[in-house]
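Working notes, structure below.
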Amino acid sequence: MAFEQEEILQITSKIESWFTKSARDFPWRNDDFPWGRLVCEFMAQQTQIDRVAQRWPIMLQRFPDAKSMAISDEQGVLELWQGLGYYRRAKNLKKTAEVLESEFGGEVPSDIESLLQLPGVGKYTAGAIASIAFEKHAPIVDANVHRVLCRLCNHAGESTPSTWTWQISESLVTSCNSPRLFNEGLMELGATVCTSRSPSCDDCPLQSCCSAYKENTQRDIPPSKKRAMKKCVYHYSVVVEHEGELAFEQRKDSGLWAGMWQVPTIDSDIKLTEAQVRKKLHLKNKLVSIGEFEHVLSHRIISFSVFSCKLARERRFFWVKQDLLHELPLASAQRKVLAVHCIA
DNA sequence: GAGGCGTGGAC
DNA sequence: TGTCCAAGCCT
């Protein structure tokens, strides 16, 4: 263990006290309840919390409890998830709502073991719900906590949450007064003070116990993540219009943008000609190029080519009136495709 | 364990 | 402008 018991009590008490007076005003902090917290944690996975704050009230208004989501269809959840990315989270949230309804009487369980059974709930999310919604002394380590704890101990090892950090987190939360205040406070400190780029050490309640601050190593801890090389691929989208309606198809249930909708599109590892795209999509009329753009993901660089095509209304497509497009679950790249069509 | 899985803000 | 990053999970 990295800390003496006395240091642990100092650290936990300083964090709880700092958070009590410095907590930002997020909508879920007005009346925290387990389902709201669970939805918040799903939306917050790999997503900056300020963006979650805009979407969370809309999601909770439509789905105020697990039952309302459990009996709805997945499309409604995906619709409200548009633009947030990592759409598997939306599908897992819907599945989790169903499990809560069928296995847990519609309530969010408070123990880690039960929480970990829920699809889309890993060690962090389970710990966050148990500690923040139920005041359980359960550890959490997200990117913020990992950074704060590594700096606190001048631990230069791992770039991402590690066994070491989880042990430190557990040793602290075990002895804290309020797991809700301590865990959320530790995250909030990392998000607002002990930031990745330029930490505001002069505003930090832990400055006097921070080993990295003493050694002036805080800007190098933790080390940057190794990021995989982005693979370049090609997507060909065709806007098919017929009497004010556009043709759409749904992407398959797994992989990129799973379950989201798109205008007829071909994904390809290699460049294709207009004729090849037309043949693969079984379109009879010539495709007219109306624009191109690049869409960058965490693991791909996608070169989009956009075409338009005149066509009779075919039943194999789902036809949507132009003024109802906002109800269709579309990833951001497809919004860009539609923007190209609007300008053209 | 390494890669798939998005997006937009910050600098 | 390009690079890094974010309240991670799953396979």
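Numbering follows the working numbering, in which position 155 of the first sequence is assigned residue number 1506; successive positions increment by one, without gaps. All C-beta atoms, glycine included, are put in the ideal place defined by N, C-alpha and C.
Using only CA atoms, which one of the options lies nearest to residue i?
| i | options | result |
| --- | --- | --- |
| Asp1674 | Glu1596, Glu1367 and Thr1398 | Glu1596 |
| Arg1502 | Val1459, Leu1467, Leu1466 and Gln1558 | Gln1558 |
| Lys1418 | Ser1656, Gly1434, Arg1629 and Gly1387 | Gly1387 |
| His1488 | Arg1629, Leu1523, Glu1509 and Gly1456 | Leu1523 |
| Lys1577 | Ser1510, Gln1627 and Cys1527 | Ser1510 |
| Leu1429 | Asn1534, Glu1464, Trp1608 and Asp1401 | Trp1608 |
| Ile1480 | Ala1404, Asp1383 and Arg1664 | Asp1383 |
| Val1390 | Leu1431, Ala1598 and Tyr1564 | Leu1431 |
| Asn1636 | Leu1623, Asp1620, Glu1645 and Arg1664 | Arg1664 |
| Phe1354 | Pro1680, Cys1560 and Glu1678 | Cys1560 |
| Lys1622 | Ile1653, Gly1606, Leu1451 and Ser1649 | Ile1653 |
| Ile1359 | Thr1568, Asn1528 and Arg1548 | Asn1528 |
| Pro1615 | Tyr1437, Pro1385, Leu1689 and Gly1456 | Leu1689 |
| Asp1376 | Ile1400, Ser1364 and Gly1436 | Ile1400 |
Return the chain-ordered list of same chain residues with a C-beta closer than 6 Å to the C-beta of residue i, the five sequence neighbours on each side being excluded.
| i | result |
| --- | --- |
| His1692 | Val1590 |
| Ser1656 | Tyr1587 and Glu1643 |
| Glu1625 | Leu1638 |
| Glu1566 | Asn1505 |
| Gln1685 | Gln1613 |
| Asp1696 | Outside the displayed range of the chain (1352 to 1695) lies residue 1696, so it cannot be described from this structure. |
Taking DSSP's pairing of strands, which residues face residue i in a bridge?
| i | result |
| --- | --- |
| Asp1618 | His1586 |
| Trp1612 | Gln1601 and Leu1681 |
| Pro1669 | Rather than Pro, the amino acid found at residue 1669 in this sequence is Phe. According to DSSP, Phe1669 bridges with Phe1599. |
| Cys1660 | Val1591 |
| Val1639 | Ser1659 |
| Arg1439 | Note: Arg1439 sits in no beta bridge, so no partner. |
| Ile1652 | Cys1583 and Val1647 |
Taking 7 Å as the limit between beta carbons, can you name the residues of its chain near residue i, skipping five residues before and five after?
| i | result |
| --- | --- |
| Leu1467 | Ala1477 |
| Leu1500 | Thr1516, Ile1519 and Ser1520 |
| His1497 | Thr1511, Pro1512, Thr1516 and Pro1573 |
| Lys1630 | none |
| Gly1508 | Trp1515 |
Apart from the five residues just before and just after residue i, which ones in its own chain have a Cβ nearer than 8 Å to its Cβ?
| i | result |
| --- | --- |
| Glu1425 | Ala1441, Lys1442, Lys1445 and Gly1610 |
| Ser1659 | Val1589, Val1590, Val1591, Glu1592, Leu1638, Val1639, Ile1641, His1692 and Ala1695 |
| Leu1532 | Ile1366, Glu1367, Phe1370 and Thr1371 |
| His1650 | Ala1579, Lys1581 and Lys1582 |
Let me confirm a value: residue i is counted as buried when at least 16 other C-beta atoms fall within 10 Å, else exposed. Which label applies?
| i | result |
| --- | --- |
| Phe1314 | Past the boundaries of the shown model lies residue 1314; the chain is included only from 1352 to 1695, so the question cannot be answered. |
| Ile1422 | exposed |
| Gly1536 | buried |
| Val1647 | exposed |
| Asp1554 | exposed |
| Asp1571 | exposed |
| Asn1495 | buried |
| Asn1534 | buried |
| Cys1583 | exposed |
| Glu1392 | buried |
| Met1394 | buried |
| Ala1484 | buried |
| Met1580 | exposed |
| Ala1682 | buried |
| Asp1493 | buried |
Please tell me whether, using a cut-off of 6 Å, the distance from the CB of residue i to the nearest non-hydrogen atom of the ligand GDP is below it.
| i | result |
| --- | --- |
| Gln1426 | Annotation note on the ligand GDP: not contained in the displayed structure, which lists no ligands. |
Count the CB pairs spanning the stretch 1584-1593 and the stretch 1401-1411 that are closer than 8 Å, and state whether there are at least three.
-> Cβ pair count under 8 Å is below three, so no.
Indicate whether the contact test is met: 3 or more Cβ pairs, each with one atom in the stretch 1599-1610 and one in the stretch 1540-1548, closer than 8 Å.
-> No: the two stretches stay apart, fewer than three of their Cβ pairs being nearer than 8 Å.
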